[in-house]
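Residue numbers (the numbering used here): 39 to 300. Note that CB positions come from ideal geometry on N, CA and C, so glycine has one too. What you are looking at is a predicted structure, and each value in this text was computed from that prediction instead of being measured. What follows is a single structure, written as structure tokens, with notes after it.
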């Protein structure tokens, strides 16, 4: 896969980077990335991946644009209110970069349909806003052996990590699953929703941009990624810290009991 002269100029600032260059930009062009959720987190992910030249972007979202979204979901405009998010996101990305193929999936991801869709992409990004989807996506990524970049937000805080639990680290230990970090979803209603608690609008851009950077790193390969590390962001005190987490032998996906049962 080669770059056209127009693409060489468009991606010139990537190409001159030693860590990316022409080969890395070609890897981006060949990649297929599925972004689940086109809202506060998914929006900046999609914008930066489209601008970066990721060849195929899938958008999975069954929601419609609401007026209350516009405080943070800057991928959308006032005229988009009431229209499907996947459709309007696709139009916005086509305007950013016509070289990117956009595939719309106007659907809600569930445990029943997640793996079949995920298996058709190289890397998955979870920007969903509910625990049912997060666990369905992370479990399906493990089964389909697909890397997952996942992010979450509170009112003034956010977190990002990358999961490759189908691989082992340098010591021969399995990489952790999402369930090694968060074994079970919290009880329903115990965590207030964005509508109930609020969210700092600009925070979605910080977290989403970080997720996009992790996807680019996964495709191109440079530096140290967030596999086995949870990046925490606290915008009240403007502190960023990284916590390491490891494989839990009791996790239901790749734990010893799960392995013994296969």
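Bounding residues of the alpha helix (DSSP H) (the contiguous stretch that carries residue i)
i	result
residue 258	239 to 258
residue 193	Neither: residue 193 is in no alpha helix (DSSP H) and is coded neither H nor E.
residue 90	80 to 90
residue 47	43 to 48
residue 235	232 to 235
Residue nearest to residue i in terms of C-alpha spacing, selected from the options
i	options	result
residue 275	216, 66 and 196	196
residue 214	283, 263, 131 and 62	283
residue 102	115, 90 and 94	115
residue 250	161, 177, 204 and 171	161
residue 291	178, 187 and 133	178
residue 280	163, 267, 59 and 77	267
residue 199	85, 262 and 241	262
residue 58	294, 260 and 272	260
residue 194	244, 105, 183 and 131	244
residue 222	69, 285 and 173	173
residue 294	127, 212 and 269	212
Inter-residue Cα distance where the pair is residue i and residue j
i	j	result
residue 153	residue 75	16 Å
residue 50	residue 40	14 Å
residue 206	residue 119	45 Å
residue 144	residue 125	8 Å
residue 67	residue 53	13 Å
residue 254	residue 235	32 Å
residue 167	residue 190	8 Å
residue 55	residue 224	43 Å
residue 218	residue 43	46 Å
residue 111	residue 187	19 Å
residue 48	residue 232	37 Å
residue 109	residue 220	30 Å
residue 155	residue 82	22 Å
residue 175	residue 73	11 Å
residue 150	residue 171	11 Å
residue 246	residue 78	8 Å
residue 238	residue 123	21 Å
residue 147	residue 129	22 Å
residue 277	residue 241	13 Å
residue 287	residue 60	41 Å
residue 84	residue 131	7 Å
residue 300	residue 180	Because the pLDDT of residue 300 is 43, which lies under 50, any placement of that residue in the model is unreliable, and the number read from its coordinates should be weighed accordingly. Whole-angstrom Cα-Cα distance: 15 Å.
residue 204	residue 107	36 Å
residue 113	residue 142	15 Å
residue 184	residue 157	7 Å
residue 216	residue 71	19 Å
residue 159	residue 264	20 Å
residue 208	residue 182	22 Å
residue 164	residue 201	11 Å
Continuous beta strand (DSSP E) stretch holding residue i: start and end
i	result
residue 170	No beta strand (DSSP E) holds residue 170; the alpha helix (DSSP H) holding it covers 169 to 182.
residue 141	139 to 143
residue 57	That residue, residue 57, is in no beta strand (DSSP E); it is neither H nor E in DSSP.
residue 72	70 to 74
residue 217	Unbroken run through residue 217 is the alpha helix (DSSP H), 216 to 219; no beta strand (DSSP E).
residue 279	277 to 282
residue 269	267 to 272
Practice item. Inspect the CB distances between the stretch 84 to 101 and the stretch 227 to 237 and report whether three or more fall short of 8 Å. Key: Touching, no.
Check your understanding: Could you give the uninterrupted runs of the alpha helix (DSSP H) lying entirely in the stretch 96 to 160, keeping only those of 4 residues or more?
Key -> For the stretch 96 to 160, whole alpha helix (DSSP H) runs of length 4 or above, ordered along the chain, are 123 to 134 and 152 to 156.
**Study point:** the stretch 86 to 94 touching the stretch 128 to 141, judged by at least three CB pairs closer than 8 Å
**Key:** With a cut-off of 8 Å, the stretch 128 to 141 and the stretch 86 to 94 count as touching, because enough Cβ pairs lie within range.
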